[in-house]
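Read in order, the letters of the sequence shown correspond to residues 8 to 85 in the working numbering. Think of the CB as a built atom: it goes at the ideal place given N, C-alpha and C, for glycine as much as any other residue. Note sheet for the following structure.
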Amino acid sequence: MKWIVTAFLALVFGVLSFNAFIANDLSRQTSGNRIIGMLIDLYGWLMANIGAVPSGILFAACAAGTVVLALRDGRKKE
């Protein structure tokens with residue numbers, strides 16, 4: 008289960024990183040769902056305030072960090 012969630016989060020952050028690098032503005036879209044709308048607003052805020060390339064680097068770091076944290080699971084092997 009851990010790896011399914013890790014793969015999903017890494018994929019989501021990877022897509023967001025790719026969209027930021029190509030300056031695809033997802034913030035022009037709207038959604039009736041309040042949570043998705045909030046995430047779209049956050050993405051637009053990041054793109055507007057820190058720029059496309061730093062946002063892409065941030066999302067890529069989040070994708071890599073998610074995988075690293077899953078690899079370094081705190082459970083000790085018996």
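| Item | Value |
| --- | --- |
| Three-state secondary structure (DSSP) of residue 80 | coil |
| Close Cβ partners of residue 73 (< 8 Å) along its chain, the five nearest in sequence each way excluded | 13, 16, 17 and 20 |
| Proximity to residue 52 [Cα-Cα], best of 35, 39, 29 and 75 | 35 |
| Same chain only: Cβ atoms within 8 Å of residue 2, ignoring 5 sequence neighbours per side | It is not possible to answer for residue 2, since the shown part of the chain is limited to 8 through 85. |
| Proximity to residue 63 [Cα-Cα], best of 48, 31 and 75 | 31 |
| Beta-carbon contacts of residue 60 that lie in its chain and below 8 Å, excluding the five residues immediately before and after | 27 and 28 |
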